[in-house]
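Residue numbers (the UniProt record's numbering): 1 to 120.
Quick reminder that beta carbons are idealized off the backbone N, C-alpha and C, glycines included.
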């Protein structure tokens, strides 16, 4: 693996780590259990390892952002997660912040592209 690819892989991992929370929250207006979330996100192009997702869900629940409920009607009990009222507010605020960050970064990236004519 080249140095550039190695650096890219590490940087992409950092970038994904920062975006997984908003992706997860975006899918929890309806109750979901862990594996259904992994599948749902993967189908939308957001790949999350179960070993990353489950600790995140527990942390968000502990912070009061998610509510959870066990469903023991199936052969295998499942813990379903859903945005709490606080979680809905937090998600809405995160979306505003995310859009602001994307807009700012797009401006920075596009401005850098304009500077590529050699005039530093």
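Determine, using beta carbons only, whether residue i and residue j come nearer to each other than 8 angstroms.
| i | j | result |
| --- | --- | --- |
| residue 20 | residue 52 | yes |
| residue 90 | residue 65 | yes |
| residue 100 | residue 81 | no |
| residue 83 | residue 29 | yes |
| residue 50 | residue 34 | yes |
| residue 15 | residue 27 | no |
Can you tell me whether residue i is buried or exposed? The criterion is at least 16 other CB atoms within 10 Å of its CB, across all chains shown.
| i | result |
| --- | --- |
| residue 32 | buried |
| residue 113 | exposed |
| residue 11 | exposed |
| residue 8 | exposed |
| residue 108 | exposed |
Considering Cα atoms alone, identify which of the options is closest to residue i.
| i | options | result |
| --- | --- | --- |
| residue 25 | 114, 6, 98 | 98 |
| residue 87 | 63, 105, 107, 3 | 63 |
Taking only three categories from DSSP, how would you classify residue i?
| i | result |
| --- | --- |
| residue 16 | helix |
| residue 78 | strand |
| residue 108 | helix |
| residue 120 | Note on residue 120: pLDDT 46, under 50, position unreliable in the model; no value is reported. |
| residue 10 | helix |
| residue 73 | coil |
| residue 99 | helix |
| residue 46 | coil |
| residue 2 | coil |
| residue 28 | coil |
Return the bridge partner residues of residue i from the DSSP annotation.
| i | result |
| --- | --- |
| residue 67 | 82 |
| residue 33 | 80 |
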